[in-house]
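Before any comments, here is the structure.
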Amino acid sequence: MTNLKLTCLVAFALLAAVSVSAIEPDTYPRRIGIDIENYRFEITLSDQVDEILGRATVSVSFTSNGVTVLPLDLTSLNNEGQGMRVLAVYTSESSLSFAHEDNLLTIDLPEVGQVGSRIEITIEYQGVPDAGLRIGPNKYGDRTFFSDNWPNRARSWLPTIDHVYEKATCEFVIRAPDHYQVISNGLLREETDYDDGTRLTHWKQSVPISPWLYVLGVARFAVQQVDDFDGKPIQTWVYTQDRSAGFYDFAVPTKQVMEFYSEYVGPFSYEKLANVTSPATGGGMEAATAIMYGENSVTGERSVRWRNVIIHEVAHQWFGNAVTEADWDDVWLSEGFATYFTQLFIEHAYGRDEFVDGMKSAADRVFSQYEDDPAYRIVHDNLDDMRRVTSGATYQKGAWILHMLRK
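In this text, residue positions in the sequence shown follow the working numbering: the first is 36, and each later residue adds one.
Here is the structure:
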């Protein structure tokens, strides 16, 4: 255990030293002097229309003097009528002027920000998301609402500094028809039913995370309290039609994986861990505290393929979520660590032979990538097209780099 922890520390030190290598100007410059502490998103959903009504309260502190505006990413209306329209921006004391153009909401601060000062700003907005929040039928034809923020699509429905470096706590307060259950980051704070047939559900995440890890799932769910780990609940959320098969599939190996990573890496950082079925992803998406899995993950067979997806996505709660790359140029860090630690758990739980087979398969994938693209680089150089953020070898080559360091 000590040797493996030392390997991780050495790997982080080496990777930090080699990854800060960009020469060209950053394609997404950081918002200097601004630190988002918390987002509170109050969102109303409807069965009649795909338009959402939102109110976001942003808690900001300033880390340098002379800050005059707060820039937030928020998709503007497009020619198809999708996107967000800002209705009002204000503090508890006054309305604020703003401009919303080219997917950027620029808010004029009521007074110049100084080091150590704080402000809360509320944005009211509405619109039909063009991405980021998938509204539509699941595989059974039932209406659902599911986030799909990877890698920079939170801005399509949430006013944020939508960059991997900007971590903040978050709250989701959802008003939706009362036949839905709602899952989000953190712990459930409130559920209240109203006479008009709607339900308010409030989830709160107390550990700062990047915006692409913010998660929302609204559907007719069957929910199971599977177990707990260090007093933190492990849950399963699947469609009601998949209750028996889903509860069976997701009962393992989550707790065993959490025990392994906690022993060999460090404590689990968050308040819960939920495994959730979603139509918004084909494989897995490692949203903090509520991992999303594709609809076809529920088979009732505990297949090896989906077992390994669970192991990989749980690894991301440590690598990618708790410890996060500062820029998408280095996404291979989170994917490489998650892929390699998947194999380490497989070695621990299922034997050396399965580990060796997994690493050989990873090597084959890397060689195939270089046959197709000999100039491929695992580290991006100021990535400006998020469709290229990962490749066929991002995961596997990262895992092999770590394996070489371990050896």
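A virtual CB, placed ideally from N, CA and C, is assigned to each residue, including glycine. Quick caveat, the model's predicted, so the values are computed rather than measured.
Among the options, nearest to residue i - alpha-carbon criterion
{"i": "Pro-106", "options": "Thr-289, Arg-337 and Leu-139", "result": "Leu-139"}
{"i": "His-438", "options": "Ser-129, Glu-382, Ala-254 and Gln-404", "result": "Glu-382"}
{"i": "Glu-115", "options": "Asn-173, Gly-162 and Ala-350", "result": "Gly-162"}
{"i": "Tyr-229", "options": "Gly-393, Ile-244 and Asp-213", "result": "Asp-213"}
{"i": "Phe-256", "options": "Asp-197, Tyr-296, Lys-432 and Asn-173", "result": "Asn-173"}
{"i": "Gly-89", "options": "Val-121, Ser-111 and Val-104", "result": "Val-121"}
{"i": "Asp-183", "options": "Tyr-249, His-198, His-347 and Trp-238", "result": "Tyr-249"}
{"i": "Asp-82", "options": "Asn-100, Ala-211 and Glu-155", "result": "Ala-211"}
{"i": "Glu-136", "options": "Arg-423, Glu-159, Asp-231 and Asp-108", "result": "Asp-108"}
{"i": "Val-333", "options": "Arg-387, Leu-308 and Ala-286", "result": "Ala-286"}
{"i": "Leu-235", "options": "Leu-80, Gly-151 and Gly-386", "result": "Leu-80"}
{"i": "Glu-206", "options": "His-198, Leu-193, Tyr-215 and Gln-216", "result": "Leu-193"}
Own chain, CB closer than 6 Å to residue i, minus 5 neighbours either side, in chain order
{"i": "Thr-429", "result": "Trp-367 and Glu-370"}
{"i": "Leu-418", "result": "Trp-363 and Asp-364"}
{"i": "Ile-413", "result": "Trp-367 and Lys-432"}
{"i": "Val-208", "result": "Glu-77 and His-237"}
{"i": "Ile-158", "result": "Ala-91, Val-124 and Pro-194"}
{"i": "Ala-361", "result": "Tyr-200"}
Collapsed DSSP secondary structure at residue i in the structure displayed
{"i": "Tyr-63", "result": "coil"}
{"i": "Val-300", "result": "coil"}
{"i": "Lys-432", "result": "helix"}
{"i": "Leu-437", "result": "helix"}
{"i": "Val-424", "result": "coil"}
{"i": "Leu-248", "result": "helix"}
{"i": "Lys-290", "result": "helix"}
{"i": "Glu-136", "result": "strand"}
{"i": "Asp-365", "result": "helix"}
{"i": "Ser-81", "result": "coil"}
{"i": "Gly-329", "result": "strand"}
{"i": "Gln-404", "result": "helix"}
{"i": "Ala-322", "result": "coil"}
{"i": "Trp-353", "result": "coil"}
{"i": "Lys-442", "result": "coil"}
{"i": "Lys-307", "result": "coil"}
{"i": "Ser-338", "result": "coil"}
Cβ-based neighbour list, residue i, same chain, cut-off 7 Å, excluding 5 preceding and 5 following
{"i": "Pro-302", "result": "none"}
{"i": "Ser-132", "result": "Asp-143"}
{"i": "Trp-185", "result": "Trp-247 and Met-320"}
{"i": "Ile-436", "result": "Gly-371"}
{"i": "Ser-297", "result": "Phe-303"}
{"i": "Pro-145", "result": "Thr-126, Ser-129 and Leu-131"}
Residues near residue i by beta carbon distance below 8 Å, same chain, minus five either side
{"i": "Asp-165", "result": "Thr-110, Asn-113, Glu-115, Gln-117, Gly-118 and Ser-191"}
{"i": "Thr-62", "result": "Asn-417, Leu-418 and Asp-419"}
{"i": "Asn-100", "result": "Gly-68, Val-147, Gly-148, Gln-149 and Val-150"}
heavy atom of the ligand COA below 8 Å from residue i C-beta
{"i": "His-135", "result": "Absence of the ligand COA is noted for the structure shown, with no ligands found whatsoever."}
Beta carbon proximity, residue i to chain C, threshold 9 Å
{"i": "Glu-206", "result": "The structure shown contains no chain C; it holds only a single protein chain."}
- At least three beta-carbon pairs within less than 8 Å, the segment 218-236 to the segment 313-333: With the cut-off at 8 Å, the segment 218-236 and the segment 313-333 touch.
- Enumerated in chain order, which unbroken segments of the alpha helix (DSSP H) with a length of 4 residues or greater are wholly contained in the segment 159-194? Counting only runs of 4 or more, we get nothing.
- Cβ pair count under 8 Å reaching 3, the segment 292-307 against the segment 199-210: The segment 292-307 is not in contact with the segment 199-210.
- Identify every run of the beta strand (DSSP E) within the segment 91-135, keeping only runs that are complete inside it and at least 3 residues long; order them along the chain. If we require 3 residues or more, the beta strand (DSSP E) runs fully inside the segment 91-135 come out as 102-108 and 118-125.
- Assess, as a yes-or-no matter, whether the segment 343-350 is touched by the segment 373-380 under the definition of 3 or more beta carbon pairs within less than 8 Å. Yes, they touch.
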